[in-house]
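Scroll down for the structure; my scribbles are underneath it.
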Ligand code: NAD
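In the numbering used here, the protein residues as written are 29 to 382.
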């Protein structure tokens, strides 16, 4: 197959890990006789430096005309005080491409139990995916802002959801669950919030179309607790934007390092943005020690979701699994005395096993 992939390496360790994900994709292309064309653009802080804006219209257009987008990370201390923030590039990309769903699979590797804050017995059997609504809710609500009233400073954010927004994300969660263990947990705060009452009502209606799927509802506070007490009880978690933002970070620490997890942001069509869940890690940028696994597994998600190449995706995932089982470690997941691989050497170890 021929595919055009836009790469947006971004800032900090973004370029370091994206380069390794591209090498993994080139390895797949060679093995399966695919032709992947890569085109690199700026996003985030480096885009502010080059063009004055974190996401140029031309970059967004290039993404719209591609099959998929592979992103590194954005941000860093250099741009923390500026008027324009690197993260606005990410929000603009999601909104501009209509990417309403963020998928984060969480599956700890048994060889890395030492790196997790949870006991190994709690981690056994953990394999779930969080489906987070990405373009609605508090982060996009209007009105929003600060104002003075009656001599006091006030600030307002608005949490709004429509039935259409809830239905399409719960529908996606049910479809994903149908190909897994057929269990969806919808997370809300329906005992307090009107938007959550609507969420629960629409989620219940939507799941009726999937007779094989079991739907449970959980309050967000209970979900936060259950993620550490019984993480193996989840299959697919679906939730609104801000709850998802918080729960996915909590879920991420279960596996032992921010460097390990991939994510996909999807919309109505096949086009998606794929990125590791970590940020630009300025503390380790430029040292060649970042873990490339989150980025490489994001490339696997790209193959599966945007290019419909599940065999190729599995080849990467199995190679990562084997590299970890064989004791390959970057600094973030190594125990005392273990040999530590550079970013590039870890990617080599994975590509060799493909
Ligand atoms: P971070 O994820 O960049 O780093 C948190 C910690 O995890 C650091 O100690 C870092 O060294 C470590 N880490 C992260 N990725 C790693 C990897 N691949 N291998 C090994 N260790 C890794 O979060 P932060 O420090 O809070 O944020 C740094 C910058 O990144 C900020 O400017 C923030 O706004 C931005 N950020 C961007 C994104 C994104 O681009 N999607 C997400 C989160 C944060």
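C-beta atoms are modelled at their ideal positions from N, C-alpha and C, and glycine is treated no differently. If you're wondering where the values come from, they're calculated on a predicted model, not measured in any experiment.
Per DSSP, residue 203 is one residue of the alpha helix (DSSP H) stretching across 191 to 206. Counting C-beta atoms within 10 angstroms of its own C-beta, residue 258 has fewer than 16 neighbours from the protein chains shown and is therefore classed as exposed. No Cβ-Cβ contact shorter than 8 Å links residue 94 with residue 184. Inclusion of residue 255 and residue 226 in the CB contact set at 8 Å is not warranted, their separation being larger than that value. Short of 6 Å from the beta carbon of residue 87, and not among the five residues preceding or following it, lie these beta carbons of its own chain, in chain order: 69.
By the Cβ-count criterion, residue 229 is exposed, with fewer than 16 other Cβ atoms from all chains shown falling within 10 Å of its own Cβ. In the three-state scheme derived from DSSP, where H, G and I count as helix and E and B as strand, residue 336 is classed as coil. In the DSSP assignment, residue 57 falls within the alpha helix (DSSP H) that extends over 42 to 60. In summary, residue 137 is buried, with 16 or more beta-carbon neighbours lying within 10 Å of its beta-carbon over all protein chains present.
With contacts defined as CB atoms closer than 8 Å, residue 36 and residue 71 qualify as a contacting pair. Residue side-chain check: residue 115 places its Cβ nearer than 7 Å to a non-hydrogen atom of ligand 1. In the DSSP assignment, residue 32 falls within the beta strand (DSSP E) that extends over 30 to 38. Relative to the non-hydrogen atoms of ligand 1, the Cβ of residue 358 comes within a distance shorter than 7 Å of at least one.
The beta-carbon separation of residue 241 and residue 205, rounded to 5 Å, stays under the 8 Å limit for a contact.
For residue 184, the secondary structure class from DSSP, reduced to helix, strand or coil, is strand. In this model, residue 213 and residue 260 are separated by some 13 Å (Cα to Cα). Closer than 7 Å to some heavy atom of ligand 1: that does not describe the Cβ of residue 37. With contact defined as three or more Cβ pairs closer than 8 Å, the segment 101 to 110 and the segment 244 to 253 are not in contact. Within its own chain, the residues whose Cβ lies closer than 7 Å to the Cβ of residue 115, once the five positions on either side in sequence are excluded, are 102, 103, listed in chain order. Residue pairing by DSSP places residue 262 in no beta bridge whatsoever. In this structure, residue 286 keeps its C-beta atom at 8 Å or more from the C-beta atom of residue 279. For residue 173, the enclosing beta strand (DSSP E) starts and ends at 173 to 177.
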